[in-house]
Amino acid sequence: MTPSVMAVFGLAIGPTGFSVLVWGAILVVVLVFIFIVRALILDTQRT
Amino acid sequence: MVSTAVALTAVVLTVLTVTAFGLLAARGRVRSVEDYISARDSAGPGTLTATIIASMMGVWILFSPAEAGAAFGGLPAILGYAIGSAVPLLLFIPVGTRIRAIVPAGHSLTEFAYARFGTGMYLFVLVVSVFYMFIFLAAEMTGIAGALSLVIGIPQWQTALLVGGFVLIYTAYGGLVASIVTDTVQTLVLLPLLALGFGGAVLALGGTGEIHAAAIATDAPLLDPTFGPGLKFGVYVAFAILGANMLNQGMWQRVYAANGESSLRWGFGVAAVVVVPMILLAGLFGIAAAALGLTDSGGASIAFFLVLESAFPSWVTLAVVVLAVLLVMSSADTMFNAIASVVTADLARLLDQPTQRSLWVGGRALTGIVGIGAIVIGSQGYSVLELFLTADLLAAGIFVPFLAGLYSERLSGAGAIVSSLGGLVVGVAYFPLLRGPVASIPRLGPLLPAPEFLPAFVGATVVSTGGTILAIALWDADVDLSSVDRDIRSLDEPVADGGPNGGENQ
Chain F
115 MTPSVMAVFG LAIGPTGFSV LVWGAILVVV LVFIFIVRAL ILDTQRT
Chain P
563 MVSTAVALTA VVLTVLTVTA FGLLAARGRV RSVEDYISAR DSAGPGTLTA TIIASMMGVW
623 ILFSPAEAGA AFGGLPAILG YAIGSAVPLL LFIPVGTRIR AIVPAGHSLT EFAYARFGTG
683 MYLFVLVVSV FYMFIFLAAE MTGIAGALSL VIGIPQWQTA LLVGGFVLIY TAYGGLVASI
743 VTDTVQTLVL LPLLALGFGG AVLALGGTGE IHAAAIATDA PLLDPTFGPG LKFGVYVAFA
803 ILGANMLNQG MWQRVYAANG ESSLRWGFGV AAVVVVPMIL LAGLFGIAAA ALGLTDSGGA
863 SIAFFLVLES AFPSWVTLAV VVLAVLLVMS SADTMFNAIA SVVTADLARL LDQPTQRSLW
923 VGGRALTGIV GIGAIVIGSQ GYSVLELFLT ADLLAAGIFV PFLAGLYSER LSGAGAIVSS
983 LGGLVVGVAY FPLLRGPVAS IPRLGPLLPA PEFLPAFVGA TVVSTGGTIL AIALWDADVD
1043 LSSVDRDIRS LDEPVADGGP NGGENQ
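Read top to bottom, the protein sequences are chains F and P.
For the numbering used here, count along the first sequence from 1 and bump the result up by 114.
For the numbering used here, count along the second sequence from 1 and bump the result up by 562.
Listed below in structure tokens is the structure:
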């Protein structure tokens, strides 16, 4: 692979950004899980 | 590493549990062919979100995003994949609302294509849609068979038969009702498993700092969001996914399954939100594999599993095995029923006064045929990537004219076909995978542009869009959209649950 201009100038995503990306993604998955469980409970109560 | 016996036991238990859920859930709830293929107005926001996530997220997320991260351009390639997967789901919010308004009694996208455009466009949409869905299904079977063979050494034909066979049992019995209920259960297990499995894997690899440092040291552009080749891949894969998903009957079925517009908005909207991190996380394993030097001698397509083999504790491996089985079952049941529903809805129109029995038998027989075909292909270990991309290209060329029919009264069937053909001509001219046969046409070879995926997919979509706008501007077909569904009949005369006998008196 040839490095892009941004990478040459050191603008690739940093360690903090990478960590936020990974753990943030996991957090979103957990939050959506909670949303679904809550919505399913509400669905059941409505019926 | 987990022993084959333990892993096989986990696979069998997973398959049996999901099948039991499917059979029990469908018992007493499938009263007609209508229930079998549409489950109309039955799913609230929670159920709909769960079934959309489960349907879309197949075992492919353990292969393709990681391969994109390792071999096609790192982070921007993965982001393109993730955003490209979310866009069609977001698009289904306005399009789905429109579908429900224009064809409230409809069942399938081909039914709409026939009613709105006539035979030509119907055949076009039928071929592309069924081709795409069958390839998706075969790829899922191939993926799970290859994954379990790699990770725990189960022969491919045994996995394909076990997983495909049990999905076939509950889908053939319970149709879309069973598919939606099992999807819900699968998503409730799948999401925490994904969070735990990926979180555990990151920690097993030494944390995000270690992975980042290794990636920067090995190949810094992997983490550069502006890396050119990655951006190119990200853009074309987004176009490829968009077209194919808009012609995915599984999604059309779920538009009708929503119990109102609010559920439709929440279901597709939240599913769009969660597919981004799911694909991102899966893709980051490709970056990790490349950073650790695991893909140096090839094998980018199994990058995720290379990382799995090299560094993970056995509980993570076991979690991933169960995750993979759930992923494939949840999307395979959707595709089994989606393909069967397309043809069953068409049978209702093609046959002269069909009975519930004939439709019922037809629907189940087709589910069986599709399932057996997918199992056989899945056990062979073929590479289906080229077929997948070809199906995506065809879809990219026709989805805009097709969907324009929901909004424009001026667009004619001929206009839609010509626009689609225009898009396909441009797409095929650039498409690297069809270069051989196309270039062999006398005098055509020297005229062809350099083969490249980006202009192929973008060109197919843009040209067909331009053609559609032109057709709408130049001709007025004067179609009455309010009467498009006049010939679409409901299939809800009751039949005996679980069998065709109740329909004999129809």
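In this text, a Cβ means the ideal position worked out from N, Cα and C, and glycines have one as well.
Note that the structure is a prediction, hence the values are computed from the model and not measured.
Contact list for P:A612 against chain F, beta-carbon separation under 7 Å
Position 50 of the second sequence, counted from the start, is the residue given in the question as residue 612 of chain P. Near P:A612 (Cβ distances below 7 Å), the residues of chain F are I150.
Which of the three DSSP states is assigned to P:A601 in this structure?
As a working mapping, residue 601 of chain P is identified with position 39 in the second sequence. P:A601: coil per DSSP, three-state reduction.
From the DSSP output, in three-state form, read off P:A820 for me.
Locating residue 820 of chain P in the second sequence gives position 258, where the first residue counts as 1. Three-state result, P:A820: strand.
Indicate whether at least one CB of chain F lies closer than 7 Å to the CB of P:A757.
Against the second sequence, residue 757 of chain P aligns to sequence position 195. So, interface residue.
Proximal chain F residues relative to P:V836, where beta-carbon distance stays under 8 Å
Position 274 of the second sequence, counted from the first residue, corresponds to residue 836 of chain P. Here the neighbours are V142, V143, V146.
Delimiting residues of the alpha helix (DSSP H) encompassing P:G924
Along the second sequence, read from residue 1 onward, the residue named residue 924 of chain P stands at position 362. Residues 918-940.
Taking 6 Å as the cut-off, does the CB of P:T613 come closer than this to any heavy atom belonging to the ligand ZN?
With respect to the ligand ZN, the structure offers nothing, as it holds no ligand at all.
Buried or exposed: which applies to F:Q159, given that a residue is buried once 16 or more other Cβ atoms fall within 10 Å of its Cβ?
Reading the first sequence from its first residue, position 45 is the one you call residue 159 of chain F. By the neighbour-count rule (16 or more Cβ atoms within 10 Å), F:Q159 is not buried but exposed.
Assumed close pair P:L842, P:I640 - CB separation to whole angstroms, cut-off 8 Å
In the second sequence, the residue the question calls residue 842 of chain P occupies position 280. In the second sequence, the residue the question calls residue 640 of chain P occupies position 78. With 8 Å as the limit, P:L842 and P:I640 qualify as a contact, their Cβ atoms being about 6 Å apart.
Contacts that P:F760 makes with chain F (C-beta to C-beta distance below 9 Å):
Here the question's residue 760 of chain P lines up with position 198 in the second sequence. In chain order: V136, A139, I140, V143.
Under the rule that 16 or more other beta-carbon atoms within 10 Å means buried, what is P:S876, buried or exposed?
Here residue 876 of chain P corresponds to residue number 314 of the second sequence, with the count starting at 1. The residue is exposed, with fewer than 16 neighbouring Cβ atoms inside 10 Å.
For P:R660, I'd like the list of residues in its chain whose CB is within less than 6 Å of its CB, leaving aside the five on either flank, ordered along the chain.
What you label residue 660 of chain P is simply residue 98 of the second sequence in a count that begins at 1. Answer for P:R660: L968, listed in chain order.
DSSP three-state label for F:D157, please.
Along the first sequence, one-based indexing puts residue 157 of chain F at 43. F:D157 falls in the helix class under three-state DSSP.
For the alpha helix (DSSP H) that contains P:P1013, what are its first and last residues?
Start at 1 with the first residue of the second sequence, and residue 1013 of chain P comes out as number 451. P:P1013 -> no alpha helix (DSSP H), and no H or E assigned at all.
Excluding the 5 residues preceding and the 5 following P:L949 in the sequence, name in chain order all residues of the same chain whose CB lies nearer than 6 Å to its CB.
Position 387 of the second sequence holds residue 949 of chain P. So the list reads I697, once near-sequence residues are dropped.
Between P:G831 and the rest of its own chain, which residues show a CB-CB distance below 8 Å, the 5 nearest in sequence each way excluded?
Stepping through the second sequence from its first residue, residue 831 of chain P is reached at position 269. The answer, listed in chain order, is L651, L652, I655.
Close-in-space but distant-in-sequence residues of the same chain around P:I979 (CB under 6 Å, 5 per side omitted):
Position 417 of the second sequence, counted from the first residue, corresponds to residue 979 of chain P. Closer than 6 Å at the Cβ level, and outside the excluded window around P:I979, lie G682, M683.
Go through its chain and collect everything with a Cβ distance to P:G658's Cβ below 7 Å, but skip five positions before and after it.
Along the second sequence, read from residue 1 onward, the residue named residue 658 of chain P stands at position 96. If we look at P:G658 and ignore the five residues flanking it on each side, its Cβ neighbours are V817, L826, F830.
Straight-line Cα distance separating P:S941 from P:S711
By 1-based counting over the second sequence, the position of residue 711 of chain P is 149. By 1-based counting over the second sequence, the position of residue 941 of chain P is 379. Going from the Cα of P:S711 to the Cα of P:S941 covers about 11 Å.
Rounded to the nearest angstrom, how far is the Cβ of P:F583 from that of P:T744, given a contact under 8 Å?
Locating residue 583 of chain P in the second sequence gives position 21, where the first residue counts as 1. Locating residue 744 of chain P in the second sequence gives position 182, where the first residue counts as 1. Sure, about 5 Å apart at Cβ, within 8 Å.
Check whether the segment 836-856 of chain P touches the segment 127-141 of chain F, taking contact to mean three or more Cβ pairs, one atom from each stretch, closer than 8 Å.
yes
Among P:T780, P:Y643, P:A850, P:L928, the one whose alpha carbon lies nearest that of P:I599:
Position 37 of the second sequence, counted from the first residue, corresponds to residue 599 of chain P. Comparing Cα positions, the closest option is P:L928.
I believe P:A800 touches P:G642 by the beta-carbon criterion, under 8 Å. Please report the beta-carbon distance rounded to the nearest angstrom.
Residue mapping note: residue 800 of chain P aligns to position 238 of the second sequence, counting from 1. Residue mapping note: residue 642 of chain P aligns to position 80 of the second sequence, counting from 1. Contact flag correct, Cβ pair sits at about 5 Å.
CB contact check: P:L885 to chain F, cutoff 7 Å:
As a working mapping, residue 885 of chain P is identified with position 323 in the second sequence. No, P:L885 does not count as interfacial toward chain F.
Quick one: does P:V764 have its CB under 7 Å from some CB of chain F?
The residue given as residue 764 of chain P occupies position 202 in the second sequence. Answer yes: the Cβ-Cβ gap between P:V764 and chain F drops below 7 Å somewhere.
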